[in-house]
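A.B. asks: Let me begin by handing over the structure; questions about it come next.
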Amino acid sequence: MSFSADVKNEILSIENEKECCRHAFAYGLMLFSRGFSHYDISLLTENGRIAGVYCEMLREVCKVEPRLVCSEAGKYKAEVTSSADREKVLSVFGYGKSGTSRLNWGNISDECCKNAFLRGAFLTCGTINNPNKGYHLEFVVPYLHLCRDFKRFLSDYDDLAVTPKSITRNSNYVIYFKDSESIEDLLTVMGAVSSSLEVMGVKMYKDMRNNVNRRLNFESANLDKTIDAAARQIDAIMYIKETVGLSYLDGELRELARLRLENPDMSLRELGDSLSEPISRSGVNHRLKKICDIARSLKK
Ligand SMILES: [Zn+2]
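Now the structure itself:
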């Protein structure tokens, strides 16, 4: 099952306890479904539970009996067939003879109802990507004015610190979120707490993996640097050996030059510890620089 379907199942399991919230939930569910107008009030979905709850809300909140059919392709279509019933539904949500392409704020004036409205809206027009494949949550809205109103609703939402973006897609208006924080917050206010925790968990895992990768890259860059330095030192020592012989170097430098030749992958610290009179890492570095300087002056 898709992550979106999991989230919707979690939302479906939440009880809208107060009557005002059930009204707001029904409003969100119907306003953003396939049709919500004087000519068409219907829902098309592959999710049987959403079709079920849509019909239940029509019966309970609007006192209207819908027709529900399931196609062979497994799609559910719920519909209010008579025009008198459609008028009844619209009047329940405060729409008279006027158009239905605007949000009626009167249906969501109580603070408690906003979450319920959002739940209904997400069930019919929302989708969310699996967070493992990238953060994306969207609402697809059929009308421009409704899209603007809903965007304003989301922006002004008290418990949400989100800035929704929108685009046009196939003559629909899409409001979307691409950052994990907004998505976690939206899921949380809708009450989909375990889905929200899942997004958070994925985010933490990704952050951790990025940190590890960054460190590995850093360490391998350092390792490359060490190997480059050792190669330069060995070049210098070989040049001295082949031109004037290692005996050209004084005792301290000669011992280190031999040690370096025999141990190309020893760290500076290890070289220092292996000398007959051990010295520090910076001491080794200093002597190796001297050797490289000598080679350079021999080349001139
Ligand atoms: Zn309420």
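Residue 2 is where the sequence shown starts when you use this note's numbering, and the numbers rise one by one after that. C-beta: ideal position from N, C-alpha, C; glycine also.
(1) Going by DSSP, which residues form a beta bridge with Gly36?
(2) My guess is that Leu30 and Thr125 are in contact by the Cβ rule of under 8 Å, so how many angstroms apart are they, rounded?
(3) Do you know how far the Cα of Phe219 is from the Cα of Val245?
(4) Can you tell which of Ser83, Gly49, Glu57 and Lys290 has the C-alpha that lies nearest to the C-alpha of Cys71?
(5) Are Glu80 and Ile42 close, meaning C-beta to C-beta below 9 Å?
(6) With a threshold of 16 other CB atoms inside 10 Å of the CB of Asn214, please say whether the residue is buried or exposed.
(7) Going by alpha carbons, who is nearest to Glu73 out of Gly53, Val93, Thr46 and Lys89?
(8) Along the chain, where does the beta strand (DSSP E) containing Arg68 start, and where does it finish?
(9) Give the DSSP-derived three-state secondary structure of Glu139 in the structure shown.
(10) Under 8 Å: do the segment 248-255 and the segment 221-234 share three or more Cβ pairs, one atom per stretch?
(11) Contact between the segment 2-15 and the segment 118-135 is defined here as three or more beta-carbon pairs at a separation below 8 Å; is this criterion met?
(12) For Gly75, which option in Asp86, Thr82, Ala52 and Lys89 has the closest C-alpha, if you only look at C-alpha atoms?
(13) How big is the Cα-Cα spacing for Ile168 and Lys226?
(14) Taking Cβ positions, are Leu104 and Asp150 nearer each other than 9 Å?
(15) Check for me: the beta strand (DSSP E) holding Lys98 runs from which residue to which?
C.D. replies: Checking against the coordinates, here is how it stands:
(1) Ser43
(2) Separation of the CB atoms of Leu30 and Thr125 is rounded to 5 Å, and the pair is thereby assigned contact status at 8 Å.
(3) 39 Å
(4) Gly49
(5) yes
(6) exposed
(7) It is Thr46.
(8) Arg68 to Cys71
(9) strand
(10) When C-beta atoms of the segment 248-255 are compared with those of the segment 221-234, fewer than three pairs fall below 8 Å, so the two segments do not count as touching.
(11) yes
(12) The shortest CA-to-CA distance from Gly75 to any of Asp86, Thr82, Ala52 and Lys89 is the one to Ala52.
(13) 48 Å
(14) yes
(15) No beta strand (DSSP E) contains Lys98, which DSSP labels as neither H nor E.
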